[in-house]
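> The following block contains the structure, expressed as C-alpha cells.
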Amino acid sequence: MLQSIRGMRDILPGDARRWRIVEDTLRRILESAAYEELQLPLLESTELFTRGVGEGTDIVEKEMYSLTDRDGDGITLRPEGTAGCVRALVQHGLLFNQTQRVYYTGPMFRYERPQKGRYRQFYQVGAEAFGLAGPDVDVELMLLGRRFWQALGVEHLVRLELNTLGTPATRAAFRAALVAYLEPLRERLDEDSRRRLDRNPLRILDSKDPGTRAVLARAPQLPDFLDADSRRHFANLTGMLDELGIAYTVNPALVRGLDYYTQTVFEWVTDALGAQGAVCAGGRYDGLVERLGGKPTPAAGFAVGLDRLVLLHEAVHGALDGAAADVYVCVLEPGHQGYALRLAEKLRAGLPGFRIRVHAGGGKLKNQLKRADQCGARHALLVGDAEVADDAPVLKDLRADLPQRALAVDGIIAALRAGVPD
Ligand code: HAM
Numbered sequence: 001m002l003q004s005i006r007g008m009r010d011i012l013p014g015d016a017r018r019w020r021i022v023e024d025t026l027r028r029i030l031e032s033a034a035y036e037e038l039q040l041p042l043l044e045s046t047e048l049f050t051r052g053v054g055e056g057t058d059i060v061e062k063e064m065y066s067l068t069d070r071d072g073d074g075i076t077l078r079p080e081g082t083a084g085c086v087r088a089l090v091q092h093g094l095l096f097n098q099t100q101r102v103y104y105t106g107p108m109f110r111y112e113r114p115q116k117g118r119y120r121q122f123y124q125v126g127a128e129a130f131g132l133a134g135p136d137v138d139v140e141l142m143l144l145g146r147r148f149w150q151a152l153g154v155e156h157l158v159r160l161e162l163n164t165l166g167t168p169a170t171r172a173a174f175r176a177a178l179v180a181y182l183e184p185l186r187e188r189l190d191e192d193s194r195r196r197l198d199r200n201p202l203r204i205l206d207s208k209d210p211g212t213r214a215v216l217a218r219a220p221q222l223p224d225f226l227d228a229d230s231r232r233h234f235a236n237l238t239g240m241l242d243e244l245g246i247a248y249t250v251n252p253a254l255v256r257g258l259d260y261y262t263q264t265v266f267e268w269v270t271d272a273l274g275a276q277g278a279v280c281a282g283g284r285y286d287g288l289v290e291r292l293g294g295k296p297t298p299a300a301g302f303a304v305g306l307d308r309l310v311l312l313h314e315a316v317h318g319a320l321d322g323a324a325a326d327v328y329v330c331v332l333e334p335g336h337q338g339y340a341l342r343l344a345e346k347l348r349a350g351l352p353g354f355r356i357r358v359h360a361g362g363g364k365l366k367n368q369l370k371r372a373d374q375c376g377a378r379h380a381l382l383v384g385d386a387e388v389a390d391d392a393p394v395l396k397d398l399r400a401d402l403p404q405r406a407l408a409v410d411g412i413i414a415a416l417r418a419g420v421p422d
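The letter at position 79 of the sequence shown is residue 79 when you use my numbering, and the numbering goes up by one with no holes.
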C-alpha cells in the first residue's frame, strides 16, 4: 500500500476540525490587534535561507528540502516564514518609511527526525512587526501569545522564557570569548557540541549533555557582554511585563537556533509534550532586513507551532464532538431526490452554521437512518410521497424519543433553531 512520506502527516476530517478551531482563534486575535494577513510562496531561492537563517545553523546545514529546478536554480521548500516575509516586504517596497504588522499561516518543511510534536511538514502561524525598535513591540508580541493561550484554554500549560542576545557586536564578542574558553576543553564536549564549536558555538549553551553542561558551568556569560542600550531595552521590556502581569523567567541558555536574532528572544514552552517543549518562539531581528537587501529596519516577531498547539488543545479538551452533520435528509423514493435537494438548499439558507447532508444512493429507510446515525446527525428529515404532496417533510429527533411531526420548511427552520422539534 502506498504510504505518506515519513514526517508528513494526513490531518483527517475529525482532527482537521480541531485545527480549524485553533487556527481561527489565532487569526481572530491577530486581526483584533490589527495584524494584516500576507500569503507567501512555499518555495524560495535557497540563498534566501542561507543568508537569512544563517549558514552555520542546523536548519541550513542539514534540515532543508533543497533542489535544483529545471533552470538550474537552487530552490528550497521554506523551513520557516520570517526570511520569506522580509523578502516579500522588501521586494514590494512595503518597508520604506512605514511600519508593518503582518501575519502568515501555513506549512513549513524541515528534514528533522520525526517524533511526537516534531514533523517534517509542520504548520506555523507567524506574526512580524517591522519598523518599531522599542521593547513595547516585544511586549505586544508576548501579549498576543498570552491571549492565544487564554482563548484556547491552555494557559496553565505554557510559560514564557526570555533572554537577550544584545547587539550583533555583543554576540560576536561573546562568541569569541566562548570559543576561546571551550576550545581547550573540546574533548570534554559531546559530539554535537564539538561540531557546533566550529559552526554555531552559541547553540552549545542549550546542550542537554551532562558533560557539556559541566564544562559550561564556568563558561563566560552573555549578560557580561551586553552594552548599555541592550541592558536598557531588556530592563524596559521586563518592567512592562511586570506591569502587565505577564509571568516570565529569564533563561540565559535561550539562544535560539536561527542566526538573525538580536536583543530579545523568547519562547513559550510546555512540559506537556515531552521533548518538544516550544509551542511558540521568536524575538527581535533588527539586522535581517538589511542583510536581505533592504534599508536598516528594526523588526520582531514569533511563530506558533500549530501542530504542538493542537496537541495541547487535545490534551486539555479531549475528543471533539465527532458529528459530521447536524441534519440528515432521507429520500424515501428515488423520484424525490430533486425535492430533497431543494429542501436542503432552503434549510441551508435559513439555518446558517447547520450542516445538512442529503442522502444519496437510494436504499431502505432503515439503512438511511443508519447512515444518519453514523454521521452523528441529531435530526433526520423524511421525504416520501405524502411529505412531497403536502410539502411538509417529517422531522425526527434521532437522540430523544419525541413524536415526529410533519412541518413546512419555515416550521422546520424554527424548530431546529430552537433546538427542539416543534
Ligand atoms: P522556530 O523556533 O524555528 O522559529 O519555530 C517556531 C515554532 O515552530 C517552534 O517553537 C515550534 O513550535 C514549531 N516548530 C519548529 N519546528 C517544528 C517541527 N519540526 N515540527 C513541529 N513544529 C515545529 C522560527 O521558525 C522563526 N521564524 C520564528 C520567528 C518569527 N522569529 C521571529 N519571527
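Built from N, CA and C at the ideal position, the CB exists for glycine as well.
Buried or exposed: which applies to Met-108, given that a residue is buried once 16 or more other Cβ atoms fall within 10 Å of its Cβ?
Flag for Met-108 reads buried.
> If I follow the unbroken alpha helix (DSSP H) through His-313, where does it start and stop?
Looking at the DSSP string, the run of the alpha helix (DSSP H) that includes His-313 is 306-317.
> Could you say which of Val-137, Asp-224, Asn-251, Leu-311 lies nearest to Val-279 if we only look at CA atoms?
For Val-279, the nearest C-alpha among the options comes from Leu-311.
> Suppose the cutoff is 7 Å on Cβ atoms and the five residues either side in sequence are ignored; what does the same chain contact list for Glu-112 look like?
The answer, listed in chain order, is Glu-63, Arg-118, Arg-120.
> Restricting to Cα atoms, I'd like to know which of Val-394, Gly-293, Ala-275 is closest to Pro-114.
Closest by alpha carbon: Ala-275.
> Could you tell me whether any non-hydrogen atom of the ligand HAM is closer than 8 Å to the CB of Tyr-119?
Flag set: Cβ of Tyr-119 near the ligand HAM.
> So, using beta-carbon positions, are Gly-166 and Phe-225 closer together than 9 Å?
For Gly-166 and Phe-225, yes; Cβs fall inside 9 Å.
> Tell me which same chain residues have a C-beta within less than 6 Å of the C-beta of Ala-129, skipping the five on either side of it?
Contacts found: Arg-101, Val-137, Ala-300.
> Heavy atom of the ligand HAM less than 8 Å from the Cβ of Thr-25, yes or no?
Result no, Cβ not under 8 Å from the ligand HAM.
> Would you tell me roughly how many angstroms separate the C-alpha atoms of Val-368 and Arg-17, rounded to the nearest one?
According to the sequence as given, residue 368 is Gln; it is not Val. When rounded, the distance between both Cα atoms is 25 Å.
> Might you give, ordered along the chain, the residues of its own chain that have their beta carbon closer than 7 Å to the beta carbon of Arg-308, omitting 5 neighbours on each side?
These residues qualify, in order along the chain: Gly-117, Leu-273, Gln-276, Val-279.
> DSSP on Cys-330, reduced to helix/strand/coil?
If DSSP states are grouped into helix, strand and coil, Cys-330 belongs with the strands.
> Can you give me the C-alpha to C-alpha distance between Arg-199 and Gly-245, rounded to a whole angstrom?
Those two C-alpha atoms are separated by around 39 Å.
> Mind checking whether Ala-219 and Tyr-181 have CB atoms under 9 Å apart?
Yes, the pair counts as a contact, with Cβ atoms nearer than the cut-off.
> Cutting at 6 Å between CB atoms, please list the residues of its own chain near Asp-422, excluding the five before and the five after it.
Per-residue confidence for Asp-422 stands at a pLDDT of 41, beneath the threshold of 50, marking its modelled position as unreliable; the derived number appears in the next sentence. Taken in chain order, the residues that qualify are Ala-415.
> How about Gly-131 and Gln-39: do their beta carbons lie closer than 9 Å?
It is not a contact, given that the beta carbons lie outside the stated cut-off.
> Count the C-beta pairs between the stretch 169-184 and the stretch 151-158 that are closer than 8 Å, then say yes if the count reaches three, no if not.
No, they do not touch.
> Can you determine whether any heavy atom of the ligand HAM sits closer than 8 Å to the C-beta of Val-279, and answer yes or no?
Result yes, Cβ under 8 Å from the ligand HAM.
> Which residues in the same chain as Val-316 place their Cβ atom closer than 6 Å to its Cβ, once the five residues preceding and following it in sequence are excluded?
So the qualifying residues of the chain are Gly-153, Val-154.
> Spatial neighbours of Arg-348 within its chain, please: CB distance less than 6 Å, with the 5 preceding and 5 following residues excluded, ordered by chain position.
Only Ile-356 meet the Cβ criterion.
> Which class does Pro-421 belong to by DSSP, given the choice of helix, strand or coil?
Any reading at Pro-421 is ruled out, since the residue's pLDDT is 43, under 50, leaving its predicted position unreliable.
> Below 8 Å on the Cβ atoms is my guess for Ala-83 versus Val-125; work out the distance and round it to an integer in Å.
With a Cβ gap of about 17 Å, Ala-83 and Val-125 do not count as contacting.
> Quick one: using the 10 Å Cβ neighbour count with 16 as the cut-off for buried, is Gln-263 buried or exposed?
With 16 or more Cβ atoms within 10 Å of its Cβ, Gln-263 is classed as buried.
> Please list the terminal residues of the continuous beta strand (DSSP E) segment that includes His-92.
Taken as a continuous stretch (DSSP letters only), His-92 belongs to no beta strand (DSSP E), as it is neither H nor E.
> Closer than 8 Å is the cut-off here; do at least three beta carbon pairs connect the stretch 324-341 with the stretch 370-385?
Flag = yes, the stretch 324-341 and the stretch 370-385 touch.
> Does the Cβ of Ala-88 lie closer than 8 Å to at least one heavy atom of the ligand HAM?
Ala-88: no, Cβ never under 8 Å from the ligand HAM.
> In whole angstroms, what is the alpha-carbon distance linking Ile-29 and Gly-362?
The alpha-carbon atoms of Ile-29 and Gly-362 are separated by roughly 45 Å.
> For His-379, which beta-bridge partners are listed by DSSP?
Looking at the DSSP assignment, His-379 forms a beta bridge with Val-327, Asp-397.
> Does at least one heavy atom of the ligand HAM sit under 8 Å from the Cβ of Arg-429?
Nothing can be reported for residue 429, as the shown portion of the chain is limited to 1 through 422.
> Which class does Leu-182 belong to by DSSP, given the choice of helix, strand or coil?
Leu-182 falls in the helix class under three-state DSSP.
> Mind checking whether the beta-carbon of Val-304 lies closer than 8 Å to any heavy atom of the ligand HAM?
Yes; taking the cut-off as 8 Å, the Cβ of Val-304 has a heavy atom of the ligand HAM nearer than that.
> Who are Ile-29's beta bridge partners in DSSP?
Answer is none; Ile-29 lacks a bridge partner.
> Can you give me the Cβ contacts of Gly-56 inside the same chain, cut-off strictly under 6 Å, excluding the 5 residues immediately before and after it?
Excluding sequence neighbours, Gly-56 sits near Arg-199, Asn-200.
> Residues bridged to Pro-107 by DSSP?
Paired residues: Tyr-123.
> Whose C-beta lies closer than 8 Å to the C-beta of Asp-190 among residues of the same chain, with five residues either side of it excluded?
Excluding residues within five positions, the ones whose Cβ falls inside 8 Å are Ser-207, Asp-209, Gly-211, Thr-212.
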